[in-house]
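Asks: Numbering (our numbering), first residue to last: 524 to 661.
No residue lacks a Cβ here, since even glycine has one placed at the ideal position from N, Cα and C.
Okay, here's the structure, questions in a sec.
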Amino acid sequence: MKKMMKTIESQKDEINALKQHIQVQKRKINIIDWLDDNMEPSSDYKTFLRNISINEYHYNDIIVDENVRIGLTKYMKDNIFTEDVRKTLPIMCFKQFYNTFFVYDDDNWRKMTHTEMEQFCNTLDTCLFTHFQEWKVK
Numbered sequence: 524m525k526k527m528m529k530t531i532e533s534q535k536d537e538i539n540a541l542k543q544h545i546q547v548q549k550r551k552i553n554i555i556d557w558l559d560d561n562m563e564p565s566s567d568y569k570t571f572l573r574n575i576s577i578n579e580y581h582y583n584d585i586i587v588d589e590n591v592r593i594g595l596t597k598y599m600k601d602n603i604f605t606e607d608v609r610k611t612l613p614i615m616c617f618k619q620f621y622n623t624f625f626v627y628d629d630d631n632w633r634k635m636t637h638t639e640m641e642q643f644c645n646t647l648d649t650c651l652f653t654h655f656q657e658w659k660v661k
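Written as structure tokens, this is what we have:
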């Protein structure tokens, strides 16, 4: 009986610790403030967008995958959103904010607009298409 009481007390302590953890996780943070405090973009979003390029190595990686979406996601993970440059990027996304990107522009962080998201995708698409046309001529 004594052992069972110890187990129950231990479980109560564990439940309380988990409840505290959940409360901390539920706490809403202001993502813009967090970005201001933790990120140091090396350029603004417009400059970043102009400088995106896909070389032959990247292109081959993208088209080798099962489909372009998977290949492009891999390209962005491996070449744009790498850990070593992540803090200097003027574009960020988080799994907690589904379908939302944040961009650094005019010395401020803000949510990316739908039009800007289309422009970002179009830029990647144009890079791919240009490289495809060059490959076709070879």
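1) Is it the case that the segment 529-541 contacts the segment 599-613, given that we only count it when at least three CB pairs across the two stretches are under 8 Å?
2) Can at least three beta-carbon pairs, one atom from the segment 645-652 and one from the segment 561-580, be found at a separation below 8 Å?
3) Answer with buried or exposed for residue 627, where buried requires no fewer than 16 other C-beta atoms within 10 angstroms of its C-beta.
4) With the cut-off set at 8 Å, would you say residue 562 and residue 615 are in Cβ contact?
5) Decide if residue 621 is buried, meaning its Cβ has at least 16 other Cβ atoms within 10 Å, or exposed.
6) Can you check which of these residues, 625, 599, 541, is closest to residue 554 by C-alpha distance?
7) Report the three-state DSSP secondary structure of residue 620 (helix, strand or coil).
8) Quick one: Cα of residue 591 to Cα of residue 585, how far?
9) If you run the structure through DSSP and keep just helix, strand and coil, what is residue 631?
Replies: Reading it off the structure:
1) no
2) yes
3) buried
4) yes
5) exposed
6) 625
7) coil
8) 6 Å
9) strand
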